[in-house]
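Trainee:
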Amino acid sequence: MVGLVKAPFIPSPKEVVREAIEFSRVSPSDVFYDLGAGDGRVVFEAAKRGAYCVAVEINPYLVEVIREKARVLGLNDRVRVVEASFYDVYLGDATVVYIYLYRSVIEKLVDKFERELRIGARIVSLDFSIPNWIPVRVRRLLDRRGIVRTLYLYIVGFSNPCSLKRRVCVFDYNRLLKNMGL
Ligand SMILES: C[S@@+](CC[C@H](N)C(=O)[O-])C[C@H]1O[C@@H](n2cnc3c(N)ncnc32)[C@H](O)[C@@H]1O
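Numbering-wise, our numbering puts 9 at position 27 of the sequence shown, and it's gapless, one number per residue.
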């Protein structure tokens, strides 16, 4: 429950969620994770774009909210809800990871990202950058209350300078960046 204190439930504004999904080019070929999924608004937006989604949430009340919403929206087959700490969930099949977490929490997840995420996986972070990683794309927008929000997009193996070892493997970054419109 320590995680709850460190990352309370503050939902991403809906207009920002729509932009984040667009910004990271989520498509039906993606496996989309939201680490700390809150009420599920982000995974539902990704599922509407055809992605297979995994909502990881530690708060049992929010887990029930997501399950109920998935049932009502008829998205049970596209959204898996995992009641667990995101530190304990293996991310090996993720192609996109969404995070809206304090920097102190992101710092603790970086090693896990380096270890488990495959080359080419995207990470979208709202408002908090990943320390020492280089975003391939940054987008600033105003939410409906007029507050400036920032989306950061990272690509594993490309954005993380410490993973030069992993970059040795053959991976066509140019093609990926082109597909992403970058
Ligand atoms: C800032 S909210 C973001 C909610 C959602 N991703 C969004 O953008 O609307 C952070 C969420 O992370 C959850 N959380 C905190 N620590 C966690 C942990 N260790 N494992 C899983 N979820 C956690 C909280 O319960 C909360 O719902």
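All residues carry an ideal CB built from backbone N, CA and C; glycine is no exception.
Which residues in the same chain as TYR72 place their Cβ atom closer than 8 Å to its Cβ, once the five residues preceding and following it in sequence are excluded?
Mentor: Closer than 8 Å at the Cβ level, and outside the excluded window around TYR72, lie GLU98.
Trainee: If you measure between the beta carbons of ASN142 and GLU89, is that distance less than 8 Å?
Mentor: Not closer than 8 Å, so no.
Trainee: Can you list, in chain order, the residues of its chain with a C-beta nearer than 6 Å to that of VAL79? Leave out the 5 residues immediately preceding and following it.
Mentor: Only TYR15, ILE105 meet the Cβ criterion.
Trainee: Is DSSP giving PHE95 helix, strand or coil here?
Mentor: Correct three-state label for PHE95: helix.
Trainee: Return the first residue and the last residue of the alpha helix (DSSP H) that ALA29 is part of.
Mentor: Element bounds for ALA29: 23 to 30.
Trainee: Could you name the residues of the same chain whose beta carbon sits closer than 6 Å to that of LYS51, not counting the 5 residues immediately before and after it, in chain order?
Mentor: Excluding sequence neighbours, LYS51 sits near GLY22.
Trainee: Which of helix, strand or coil does DSSP assign to TYR82?
Mentor: Looking at TYR82 - three-state DSSP - the assignment turns out to be coil, as it is neither helix nor strand.
Trainee: If we count Cβ pairs, one from each stretch, closer than 8 Å, do we get three or more for the region -5 to 14 versus the region 23 to 39?
Mentor: Contact holds: three or more Cβ-Cβ distances are below 8 Å.
Trainee: Could you spell out the range, first to last residue, of the beta strand (DSSP E) harbouring PHE140?
Mentor: Looking at the DSSP string, PHE140 is not in any beta strand (DSSP E), and its letter there is neither H nor E.
Trainee: Helix, strand or coil: how does DSSP classify ALA52 here?
Mentor: The answer is helix: DSSP assigns ALA52 an H, G or I state.
Trainee: Give me whichever residues DSSP pairs with LEU17 in a beta bridge.
Mentor: Partner(s): VAL38, ILE81.
Trainee: Beta carbon of PRO113, beta carbon of TYR136: below 8 Å?
Mentor: Not in contact: PRO113 and TYR136 (Cβ atoms no closer than 8 Å).
Trainee: Suppose you measure from the CA of GLY74 to the CA of LEU123; what does that come to, to the nearest Å?
Mentor: Distance between the alpha carbons of GLY74 and LEU123: 31 Å.
Trainee: I need the boundaries of the beta strand (DSSP E) containing VAL61, first residue and last residue.
Mentor: Element bounds for VAL61: 61 to 65.
Trainee: Going by beta-carbon coordinates alone, are ARG62 and VAL24 separated by less than 8 Å?
Mentor: The answer is no: Cβ separation not under 8 Å.
Trainee: Looking at the unbroken beta strand (DSSP E) that takes in VAL71, where does it start and where does it end?
Mentor: Per DSSP, VAL71 belongs to no beta strand (DSSP E) and is neither H nor E.
Trainee: Sort LEU108, ILE129, SER107, ALA103 by Cα distance to ASP12 and report the nearest one.
Mentor: Per the Cα distances, ALA103.
Trainee: Do you know how far the Cα of ARG100 is from the Cα of THR77?
Mentor: Approximately 8 Å between the Cα atoms of the pair.
Trainee: What do you reckon, is the C-beta of LEU44 under 7 Å from a heavy atom of ligand 1?
Mentor: Yes.
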